[in-house]
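Trainee: Have a look at the structure that comes next, please.
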Amino acid sequence: MRLVAPIARSTLAHSSRLWTPSDLVQYYESPFASWMDRLAAEHPAHPLAARRDPPDPFLSMLGKKGMAGEQEAMRKLFLGLGLGVADLSAEARGDALAQRALVTAEAMRERPDVIYQAPLAAGSFAGVADFLVRSDLLGRDEASRGDPALYTVWDAKLTRHVRPQQLIQLCCYAEMLAEMQGARPETVSLVLGGSAARVASFRLAEHRAHFASLRRRFLAFHAGFDAAAEPPAAPTRSAPAGQWRGLADAELLARDDLRLVARLSQRQAALLSAAGVRSAAALAELPPGQAVGGVERAALSRLREQASLQLQARGAPDEPPPYRLLPWSRAAGLALLPPPSPSDLFFDLEGFPLAEGHAPEGPAAPPERLADFAANGAADEAARGREYLWGAATRGGHVAASAAAGGGGGVGAALFENDDEFVAWWAHSYAQEKAALEGFVDWAVSLKRSEPRMHIYHYGAYEVSALRRLAMRHATREAEVDELLRGGALVDLYAVVRGGLLLGTENYSIKSVEKLYRGGGGGGRDTAVAKGDQSVVVYDAWLEAPDGSDAASSATLASLLEYNRDDCISTRQLADWVWRLRTEHPAAPPAAPPADAGPAADDPSGGAAAPAAALSERAAEEAAEVEELERLLASSTEWPEGSPLASEQVRSTLSALLHFHKREAKPGWWRRFDWLAAAPEAMVEDERTLGMLRRTGAPPYKTSPRKRRMVYEYEAEPQPSKLEAGAAVVLCQHGGGDADDGERAGGVGLPAALVTADAASGTFGVECSVEPAGCISLLPDEYVDASPIPAAVRAAVRSLAERPEEHTALSCFLARRPPRALQGGAGEPAAAASVSSVVGAALRLESDYLCVQGPPGTGKTFVGSRAAAALIAAGRRVGVLAHSHAAVHNMVEKTIGALSRAGARGRVVKIGGDKEEAARLQRGCGEGLRVERVASASALKGEPLDEDVLLVGGTAWAFSSEALAGQVDVLLVDEAGQLPLANLVGASRAADSLVLLGDQMQLPAPCEGTHPAESGRSGLEYLLRGEPTVPPSLGVFLSESHRLHPALCSLVSELVYSGRLSSHASAARRSLALGQRPPAAGCPPRLRRAAGVECVDVEHRGNSQSSSEEARVVAELCDELLGADLLDGGGAPRALRWEDIVVVAPYNAQVRLLRSVLGPKARVGTVDRFQGQEAPVVLLSLCHSDFAAADTADAGLEGEAAAAGGGRGLSFVLNPNRLNVALTRAQCLAVVVASPRLAEAPVRSVRQLREVNFLARIREVGGATPEIDGDEPPLGGG
């Protein structure tokens, strides 16, 4: 047996102090606080050391409860299973922690099952791990090494949810343990909430690169510590500062930090700083005519005045802040206010962002083995959040009393409280959240129907977003929420204030604004809980140790209720104050008209598809059928064993699929209504729209004599926009030639077409059926009619429910039953993932399914086309289904090629797509094949296909048609990782068997809605339940890439495919020979690698969707690459050309910038454009400067505004699927051009931690940072 390696005392000699995992977490959250903690510890007499904030009583309480939680976990989890526990808690106390780690090493030699309170030390770190657990007890990969001396780390946390900081601590413990025992554990685990039934386990490899990068930065940061130097820059008031918040705020104010100016975005701050404007005073003193490059003149003028008002407010801190009314606009500010009503509500939500969304209610059955505990963790580590308190103030007791009917009752009902002017629902569970939603919405709808002038006031977009999201998540009150939104019932007072006032405060949160109407600089708040972040801590404390069940019995809940009530009352006071302001203003326009009603609640098409009467009748029939099917699925029927309906989860998913397309359409409609209600200026800033277009004097014209619609010419100031010529648009009319004049035509969206678009000259041709207003904005027409897919889904669900014992491809797929086709002739699993094995399995299909996962370059299309040709040769008709006509065309084209080479004779039917596509297919046909195009499946008129039809190609719209039901033998679904499950279920009726081809680790299904159960997943995502690769029991994994060079493939395989992807020998012969010709621009070379991944760091600040700095570097790299040669196998080297380089960016703004810099020969686009393509070299420009904070001008605004910035950009730019697609377009070399700070981003969830780790690992392999081993520099400093 290998003995545990003793700790070498020399490993500690270079350190003047040892750091703990908690120290590392403090630095991660706030370098400023980390610096100050060290200053106070080592130099307590320093004048700044005395300015530490007083202790937070709630955090202190949590800390005291922590040890009790660990002991309870030890008793229940380990002793309860009869495991041997070595208790080192007595050794965990004292000063010489590094020396006490020797006791842990001795204990590990004795091989107890569990070591409790184990001191660990290695390098510059030391700490006490809650538990070391012997890995062979877990049934994991560690046990396969046959080494019982190997341990892993388990940590007990009082919280019931996983925080990124906890994983950082675990990684730190695991690295210390790895050095002590000579091997790194595969996994680490958290015991949550002190509960033996909640153990969350994590693969260390998914977090190590991020941890290594953080550790390097931490050690380098403290190596430069100097007590005589200035502390680091103080964090803004929206960022953590540990126990030094008061000092940080004072430092910001003393420096007159530019970041204190409200309405100032990160990008604007960077541009101003670059121009020498680095303080609020400097901004306020800018001459009125002075310009700052990149900052629009009107915005600069407003920022100058904002800074001036804030400086005035500092001179009188005890007085209400100064403010100024902004110029009137009919679409913004005070004009958004409706007249008050006695039935008005004033609404505020309190959210707990770390609550598990679908956590099971009640205690879990205790597992009997330690390995069973560890299996619990993967189930629900992602925090979905919960709105735990729903409060609404009223104008009188009669309104509050009417809420009692909506208070709910029965099982899982929300707890209901009210008084004369305030109503509240508590939601301490997922079920209670649903009940609270129903109670509030029922009450609000009842009030609105009885008093149409009633409105619901709120502050910020959070409440509206929550209502939309929760109605879909809980699959309840969706029509009622739509009714409130369409009727304009919700009024956002934040939009009113921000659009109508300039206010001399550092942010526009309601806590700041209320100083105007509550009096004084303090705002009049005297509640025990004062801020939203405090409410989260307080509620968390109550969850862990409830001191009562309601506000009457719990002081903690009473303080939260008081805080929410005060917010609601303040919202009412604000509404009354701004209304008085509006009526007193002499230039006030009439009150805002009601919002455009939009489509009826039962109209999924927005009224675009059929006359209203017919539509209403059809919708009523569909709704009745859906209700019938939901009752059938929810019935207490004894479903046959083996039927997918025997699973409650499958029944819930099928029930949700009945509403999938309606839910999926809602975000598009909401977005349209939001745009129609927005200020015209907002549409100038939004690149999805074209804002503030004004009619020119050019006469209207027709594009052809036979057309009725006229084209009207408009002009606009330069603005980024995705809208291009040929786009279908919705026209928002603002009135005359100036947006502040004239009515907005009721906010009506008018269908139109963008015929011409010349961004250079700023002129646009808009084709419309009526003459539009002089000033308009254009919105994308995003509506897509989903019919006939919803009807096909209903038919498929009915078939499953009425014939549950029937063995069909769909039932096998939904039950995730191992396909019989994978069994060989002797009943053994099919062998290697070869073309012949896939073809053989496909030929064995009988009312079954087959899954084939094809990572980049593995020949998925080749394999699929050969399988289709083999099936056709065996006399079976094949359908080809994909999410787009382009993907259908590609697979059909390859299949036609295989059929032509085999001499097949017959017809190929292509449904939909353009005529030129069909003509290209015909040109590739052999003598005996003929391509026939039909516009839609309805053109087949329900007649059976002729016998000579061999192959049918189309999208889900074609195969969901009744005309194709049962018309093909095998439906080959290409890009099944991008096809929504609902579309697959609807199309499945067309075939006896299914072949699913795709890769769920590349681009996901485009899905916008919030969908319950598993209804929002793609077909492959549903089947594989989040696994990165298909297991042999469920399908075939194509494991050899002919595209990716081994140096690139190894990284992709590690990060994405669990090490199962390898490179074909031919790919290893492809590489670059750099520096063959001098760069034309004469720039020094940057590239060092002939193949693999290389990272090029570019420093920049303030950029989000485009970066001129990165564009310049990409141009230099292209110049360098065009001087290189491509070595491809045994052929002669050839010079790289423009077509050999693909340039990828996440945003269209960066794509446009790169195209303008690189010229017309460059292949530039987003990831979506290049899926399925390849080139020797890929350049990926990530363009964001950092994700440190939301790019919002009002960082103090709680809730939605705080959550809508950097984090959302992070999960898009660093989405592993998108990065996978971008990197794997490269045959030889992938170059990542990015700001180094992207891999240092603070994250809000475990998912985001994995995303940042993905980039951090790319940077390690790409040469931007050293590998994880041996990366600790000697620690210097004081």
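Per UniProt numbering: the sequence shown = residues 1 to 1278. Glycine is no exception: its CB is placed at the ideal position from the N, C-alpha and C atoms.
If you draw a straight line from the alpha carbon of LEU503 to that of TYR323, how long is it in whole angstroms?
Mentor: Whole-angstrom Cα-Cα distance: 4 Å.
Trainee: Determine the DSSP secondary structure at MET454, reduced to helix, strand or coil.
Mentor: Reduced to three states, the DSSP call for MET454 is coil.
Trainee: For VAL888, collect the residues of the same chain with a Cβ closer than 8 Å to its Cβ; drop the 5 residues on either side in sequence, then sort them by chain order.
Mentor: Closer than 8 Å at the Cβ level, and outside the excluded window around VAL888, lie VAL880, LEU881, ALA882, LYS910, GLY913, GLY953, GLY954, THR955, ASP974.
Trainee: Would you check if there are 3 or more beta carbon pairs closer than 8 Å linking the segment 800 to 817 to the segment 745 to 765?
Mentor: Touching, no.
Trainee: So residue 1302 packs on ARG877, CB below 8 Å; how close in whole Å?
Mentor: Residue numbering for the chain in the displayed model covers 1 to 1278; residue 1302 lies beyond these limits and cannot be assessed.
Trainee: Identify the continuous beta strand (DSSP E) that holds LEU1072 and give its terminal residues.
Mentor: Run containing LEU1072: 1070 to 1073, per the beta strand (DSSP E) assignment.
Trainee: State whether the segment 547 to 564 contacts the segment 417 to 434, with contact taken as three or more CB pairs (one from each stretch) at a distance under 8 Å.
Mentor: Taking 8 Å as the limit for Cβ pairs, the verdict is that the segment 417 to 434 does touch the segment 547 to 564.
Trainee: Identify the continuous beta strand (DSSP E) that holds PRO980 and give its terminal residues.
Mentor: Careful: PRO980 lies outside any beta strand (DSSP E) and carries neither H nor E.
Trainee: On the three-state DSSP scale, how would you describe LEU18?
Mentor: Note: LEU18 maps to coil in three-state DSSP.
Trainee: Could you tell me whether any Cβ in chain C is nearer than 9 Å to the Cβ of HIS474?
Mentor: Any reference to chain C falls outside this structure, which holds one protein chain only.
Trainee: Provide the residue span of the alpha helix (DSSP H) that contains LYS662, from first to last.
Mentor: Its alpha helix (DSSP H) spans residues 660 to 677.
Trainee: Measure the beta-carbon distance from ASP550 to LEU415 and round it to whole angstroms, keeping in mind my assumption that it falls under 8 Å.
Mentor: Between LEU415 and ASP550 the Cβ distance is about 6 Å, and since that is below 8 Å, they are a contact.
Trainee: Nearest CA to the CA of ARG580: which residue from ALA335, ALA821, LEU470, ASN418?
Mentor: Looking at the Cα atoms, ALA335 is the closest of the given residues.
Trainee: To the nearest angstrom, how far is it from the Cα of ARG989 to the Cα of CYS1007?
Mentor: Straight-line Cα distance between these residues: approximately 23 Å.
Trainee: Counting C-beta neighbours from all protein chains within 10 Å, is the total for VAL970 16 or more, i.e. buried, or is it exposed?
Mentor: Its Cβ being crowded by 16 or more others within 10 Å, VAL970 is buried.
Trainee: Can you name the start and end residues of the beta strand (DSSP E) that LYS511 belongs to?
Mentor: Segment 510 to 513 is the alpha helix (DSSP H) holding LYS511; no beta strand (DSSP E) there.
Trainee: Starting from PRO31 and walking both ways along the alpha helix (DSSP H), at which residues does that stretch end?
Mentor: 31 to 42 is the span of the alpha helix (DSSP H), which, as asked, contains PRO31.
Trainee: What's the gap between the Cα of VAL1261 and the Cα of GLU1094?
Mentor: Cα to Cα, VAL1261 sits roughly 8 Å from GLU1094.
Trainee: What three-state label does DSSP hand GLN99 in the structure shown?
Mentor: DSSP places GLN99 in helix when its eight states are reduced to three.
Trainee: Give a yes or no on whether the C-beta atoms belonging to HIS1184 and ASN1103 are separated by under 9 Å.
Mentor: For HIS1184 and ASN1103, yes; Cβs fall inside 9 Å.
Trainee: Return helix, strand or coil for PRO116, following the three-state DSSP convention.
Mentor: Reading off the sequence, residue 116 comes out as Tyr, not Pro. Here TYR116 sits in strand by DSSP.
Trainee: Write down the C-beta distance between VAL1142 and ARG1163 rounded to the nearest angstrom, noting that I regard them as a contact closer than 8 Å.
Mentor: Indeed they touch by this definition, with Cβ atoms about 5 Å apart.
Trainee: Per DSSP, which one or two residues make a beta bridge with GLY1129?
Mentor: DSSP output for GLY1129 lists no bridge partner at all.
Trainee: Classify HIS428 as helix, strand or coil using the three-state DSSP reduction.
Mentor: In this structure, HIS428 counts as coil in the three-state DSSP scheme.
Trainee: Taking only runs that begin and end inside the segment 461 to 500, name each unbroken alpha helix (DSSP H) of 4 or more residues, in chain order.
Mentor: Listed in chain order, they are 462 to 473, 478 to 486, 493 to 500.
Trainee: Quick one: any contact between the segment 482 to 495 and the segment 246 to 266, if contact means 3 or more CB pairs under 8 Å?
Mentor: No, because fewer than three Cβ pairs between the segment 482 to 495 and the segment 246 to 266 fall closer than 8 Å, the two stretches do not touch.
Trainee: Quick one: complete beta strand (DSSP E) runs, 3+ long, within the segment 1046 to 1125?
Mentor: The qualifying runs are 1070 to 1073, 1092 to 1097.
Trainee: Whole alpha helix (DSSP H) runs in the segment 864 to 902 with 4 or more residues, listed along the chain?
Mentor: Counting whole runs of 4 or more residues, the segment 864 to 902 contains the alpha helix (DSSP H) stretches 885 to 901.
Trainee: Please state whether DSSP places VAL1144 in a helix, a strand or coil.
Mentor: It is a strand residue.
Trainee: Alpha helix (DSSP H) containing LYS915: first to last residue?
Mentor: Note, LYS915: alpha helix (DSSP H), 915 to 923.
Trainee: Are at least three pairs of beta-carbons, each pair with one atom in the segment 848 to 860 and one in the segment 992 to 999, less than 8 Å apart?
Mentor: Because the criterion of three Cβ pairs below 8 Å is met, the segment 848 to 860 and the segment 992 to 999 touch.
Trainee: For the segment 35 to 47 against the segment 75 to 83, are there 3 or more C-beta pairs whose distance is under 8 Å?
Mentor: Cβ pair count under 8 Å is below three, so no.
Trainee: Return the chain-ordered list of same chain residues with a C-beta closer than 7 Å to the C-beta of GLU91, the five sequence neighbours on each side being excluded.
Mentor: Excluding sequence neighbours, GLU91 sits near ARG100, VAL103, PRO119.
Trainee: Under the rule that 16 or more other beta-carbon atoms within 10 Å means buried, what is THR637, buried or exposed?
Mentor: Burial call: exposed.
Trainee: Spatial neighbours of ARG17 within its chain, please: CB distance less than 6 Å, with the 5 preceding and 5 following residues excluded, ordered by chain position.
Mentor: Taken in chain order, the list of residues that qualify is empty.
Trainee: Between GLY409 and ASP547, what straight-line distance do the alpha-carbon atoms span, to the nearest angstrom?
Mentor: Any reading at GLY409 needs caution, since the residue's pLDDT is 42, under 50, leaving its predicted position unreliable; the model's value is listed next. C-alpha separation (whole angstroms): 23 Å.
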